[in-house]
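Asker:
Numbering (my numbering), first residue to last: 20 to 283.
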């Protein structure tokens, strides 16, 4: 393997109801216009900054109260107020827009920009936020980034490659996806009660001549991966730590188990 930079550590402790201090990482949440994952209230509670990408505001307004069937819907809507709604504003309903405006949510209409996705627009807002300091870079969790139209999914995957120096995790009810930049070696810490066992390493954008892993059911050893050849899908984690080294940027994905421990 070629010489690599320092180790980048990854943890999904944000899925835990109580995050250990040693693993706590400040993050922002971006809600996209797809069905809310069941753990959305938990992520929302712990986030430092909360954004809705255009029609994602409809999801917060309509679906979040369903997580709390024994509470008044209007109280839930007031409690779970986005800090910012940003996008080209072609999906958000007028009643939802006016409701959040009345609560003081900042609304940024970028309908003039049709060259970037709504997720793109939100990522740029977070990167430029005063909360995103050099000493404490915000990790970004994007819910609803998977599922629905494939071109939307592809656009969201492309965002990972556009901002490789920003930690962005795409989330659905079933799995998460993040970029492992080739500039680092990677150590991934698994939450076995919440994640796995199914996982994958996928070389989108460019083939990998050499990838080496430890901790997988079918480890790679200086293995070549590329579309039209071998890609490491339907692999499985064996323990609580995975290591990855590659000469190419890779997408890491792991399944998220369906259970109630991911709600606050």
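Using N, Cα and C, we set each Cβ at its ideal position, and we do this for glycine too.
1) Buried or exposed: which applies to residue 189, given that a residue is buried once 16 or more other Cβ atoms fall within 10 Å of its Cβ?
2) Quick one: give me the first and last residue of the beta strand (DSSP E) that residue 204 is part of.
3) I believe residue 97 touches residue 122 by the beta-carbon criterion, under 8 Å. Please report the beta-carbon distance rounded to the nearest angstrom.
4) Suppose you measure from the CA of residue 29 to the CA of residue 111; what does that come to, to the nearest Å?
5) Can you list the alpha helix (DSSP H) stretches of 4 or more residues lying completely in the stretch 50 to 103, in chain order?
6) How would you write the range of the beta strand (DSSP E) that residue 254 sits in, first residue to last?
7) For the 8 Å Cβ check, are there 3 or more pairs between the stretch 232 to 247 and the stretch 170 to 190?
8) Straight-line CA distance for residue 253 to residue 271?
9) Rank 211, 54 and 47 by C-alpha distance to the C-alpha of residue 64 and give the top, closest one.
10) Do the CB positions of residue 202 and residue 24 come within less than 8 Å of each other?
11) Please state the DSSP three-state secondary structure of residue 28.
12) Using DSSP's beta-bridge definition, name the partner residues of residue 105.
13) Quick check on residue 223: does DSSP put it in helix, strand or coil?
14) Contact defined as beta carbons within less than 8 Å: I believe residue 260 pairs with residue 234. What is the distance between those atoms, to the nearest angstrom?
15) Could I get the ranges of all uninterrupted alpha helix (DSSP H) runs contained in the stretch 134 to 210, with 4 residues as the minimum, in chain order?
16) Three or more beta-carbon pairs under 8 Å between the stretch 88 to 105 and the stretch 69 to 80, yes or no?
Answerer: The answer reads as follows:
1) The sequence position of residue 189 within the chain shown is 170, counting from 1. So residue 189 ends up on the buried side.
2) Here residue 204 refers to the residue found at position 185 when the chain shown is read from its first residue. It spans 204 to 208 - the beta strand (DSSP E) in which residue 204 sits, taken as one unbroken run.
3) If you number the chain shown from 1, residue 97 lands on position 78. If you number the chain shown from 1, residue 122 lands on position 103. For residue 97 against residue 122, the beta-carbon gap comes to about 7 Å, under 8 Å, which counts as contact.
4) Reading the chain shown from its first residue, position 10 is the one you call residue 29. Reading the chain shown from its first residue, position 92 is the one you call residue 111. Residue 29 and residue 111: Cα-Cα distance of roughly 34 Å.
5) For the alpha helix (DSSP H) assignment, the uninterrupted runs of no fewer than 4 residues enclosed by the stretch 50 to 103 are, from N- to C-terminal side, 59 to 65, 75 to 82 and 92 to 98.
6) Working through the chain shown from its first residue, we reach residue 254 at position 235. In this chain, the beta strand (DSSP E) harbouring residue 254 covers 251 to 255.
7) Counting Cβ pairs under 8 Å, fewer than three are found: no touch.
8) For the purposes of this step, residue 253 is taken as the residue at position 234 of the chain shown. For the purposes of this step, residue 271 is taken as the residue at position 252 of the chain shown. Computed Cα separation, rounded: 12 Å.
9) In the chain shown, the residue the question calls residue 64 occupies position 45. Nearest Cα to residue 64 within the set 211, 54 and 47: 47.
10) The residue labelled residue 202 in the question sits at position 183 within the chain shown. The residue labelled residue 24 in the question sits at position 5 within the chain shown. Against a cut-off of 8 Å, the Cβ pair of residue 24 and residue 202 comes out as a contact.
11) Within the chain shown, residue 28 is the residue found at index 9, counting from 1. Strand at residue 28.
12) As a first step, residue 105 must be located in the chain shown, where it is residue number 86. The bridge partners DSSP lists for residue 105 are 72 and 127.
13) One-based indexing of the chain shown puts residue 223 at position 204. The three-state reading of DSSP puts residue 223 in coil, since its state is none of H, G, I, E or B.
14) Working through the chain shown from its first residue, we reach residue 260 at position 241. Working through the chain shown from its first residue, we reach residue 234 at position 215. The pair is a contact, with the Cβ atoms about 6 Å apart (cut-off 8 Å).
15) Whole alpha helix (DSSP H) segments, 4+ residues: 137 to 146 and 169 to 181.
16) Inter-segment contact for the stretch 88 to 105 and the stretch 69 to 80 is present: three or more beta-carbon pairs are separated by less than 8 Å.
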